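One structure is given below, encoded as structure tokens.
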Amino acid sequence: MLSGRRRQAMAKVAFERSSGNVFADLGMPEAEEHKLKAGLVSKLACIMAEVGLTQTAAAQLTGISQPDLSRVLRGRFRDFSAARLIKAITSLHSEVEITVRHEGQEIGERILIHA
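FYI, the working numbering numbers position 19 of the sequence shown as 748, with every residue one higher than the one before it.
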């Protein structure tokens with residue numbers, strides 16, 4: 730249970746509903762592309778963890794230098810294209826699936842990308 734003082738402090742905090750894209754909410758240019766790349770980097774990190782790859786081993790497999798891979802995994806991926814991140818994922822023996830559908834449609838056309 731919150732104390733009276735803490736409850737008052739929390740009541741003063743302003744909240745804003747998210748659009749679902751934190752980059753757009755922050756007013757960043759190219760927010761949709763940034764969201765896509767952030768998702769790809771997140772999956773890249775998950776794959777590395779699941780397989781037990783060090784950054785050095787992953788760098789050798791992906792063709793990305795270890796210092797660059799380290800920067801990407803820390804969220805500094807602005808200089809990397811989505812295509813390059815997809816290539817890195819597929820080089821780790823994973824597939825990337827893209828679904829294209831018209832707004833309002835439940836089913837779309839799948840595009841599967843693999844090494």
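For every residue, glycine included, the Cβ atom is placed at its ideal position computed from N, Cα and C. Bear in mind the structure is a predicted one, so any value in this text is a computation, not a measurement.
How many angstroms separate the CA atom of residue i from the CA atom of residue j?
i	j	result
R807	R839	27 Å
R830	K741	42 Å
A767	F752	10 Å
L798	V780	16 Å
R800	I793	11 Å
S823	G756	33 Å
T791	E832	34 Å
E745	T785	41 Å
L802	A778	12 Å
E759	L765	10 Å
D754	L782	34 Å
A788	S810	17 Å
Verify whether the separation of the beta carbon atoms of residue i and residue j is less than 8 Å.
i	j	result
I818	L773	yes
L814	I776	no
E761	N750	yes
Could you have a look at residue i and say whether DSSP puts it in helix, strand or coil?
i	result
R839	strand
E761	helix
E779	helix
Complete alpha helix (DSSP H) runs within the segment 790–818 (minimum length 4 residues, chain order): 795–802
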